[in-house]
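Residue numbers (my numbering): 273 to 467. Okay, so here's the structure we're looking at.
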């Protein structure tokens, strides 16, 4: 995949479920944009399922997929967060949080059983998500004299960036969001208008 595209999920929450030896694993996949948002969502699940034994999770953030974390919340090391993160990685997703809530059924599953349970619940949650490919956008702001308006709008029409904001005054200003790989070309075309 090109370096200015990334795969994520829509805002629809994907829900998954797995049950083994009376233990129940409920999984929830959320689209997230920041670590603060992750913390808020996890706090919500901890309150809502206050009687659950474990609220484990993993998340991945950013188009480069460089910000991530996995949390076992008291389960044996690497038996919960890591398998959840593994499912995120196997799908190549980012800007996603998967929370798995476990209700203990009274029978120990062992490390292998836990890994299977968390992995399966996370995969089920992802399977109920709408996966989308988005482009990494770059912002381009251009200030220009009013008489250049038609020229600017022609470039906008030809290159198709998203208009984020614009002001019309003695000096006009436009802020555009465009696919990262096309930002340089857009800047160059706009700059040429000023000469």
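Built from N, CA and C at the ideal position, the CB exists for glycine as well.
Taking a cut-off of 8 Å for Cβ pairs, the segment 368-380 and the segment 413-426 do not touch, as fewer than three such pairs fall below it. Around the beta-carbon of residue 426, fewer than 16 other beta-carbon atoms lie within 10 Å, marking it exposed. Look at residue 288 here: in three-state DSSP terms it is strand. Residue range 382-399 is occupied by the alpha helix (DSSP H) that includes residue 399.
The alpha-carbon of residue 341 is positioned some 28 Å away from that of residue 451.
With contacts defined by Cβ atoms closer than 8 Å, residue 279 and residue 383 do not form a contacting pair.
Note on geometry: alpha-carbon atoms of residue 463 and residue 336 lie some 29 Å from one another.
Take the alpha-carbon of residue 298 and the one of residue 276: they are about 34 Å apart. In the three-state reduction of the DSSP assignment, residue 453 falls in the helix class. In terms of Cβ geometry, residue 290 and residue 447 do not form a close pair [threshold 8 Å]. Note that the segment 325-333 touches the segment 300-309; at least 3 beta-carbon pairs, one per stretch, sit closer than 8 Å. For residue 309, the uninterrupted alpha helix (DSSP H) segment begins and ends at 307-320. By the beta-carbon neighbour count (other beta carbons within 10 angstroms, threshold 16), residue 322 is exposed.
Beta-bridge analysis with DSSP links residue 293 to no other residue. The beta carbon of residue 293 lies closer than 7 Å to those of 377, 379, 381 in the same chain, with the five residues before and after it left out.
By the Cβ neighbour-count rule, residue 395 is buried, with 16 or more other Cβ atoms within 10 Å of its own.
The beta-carbon distance between residue 359 and residue 398, rounded to whole angstroms, is 6 Å. This is short enough to meet the 8 Å contact definition.
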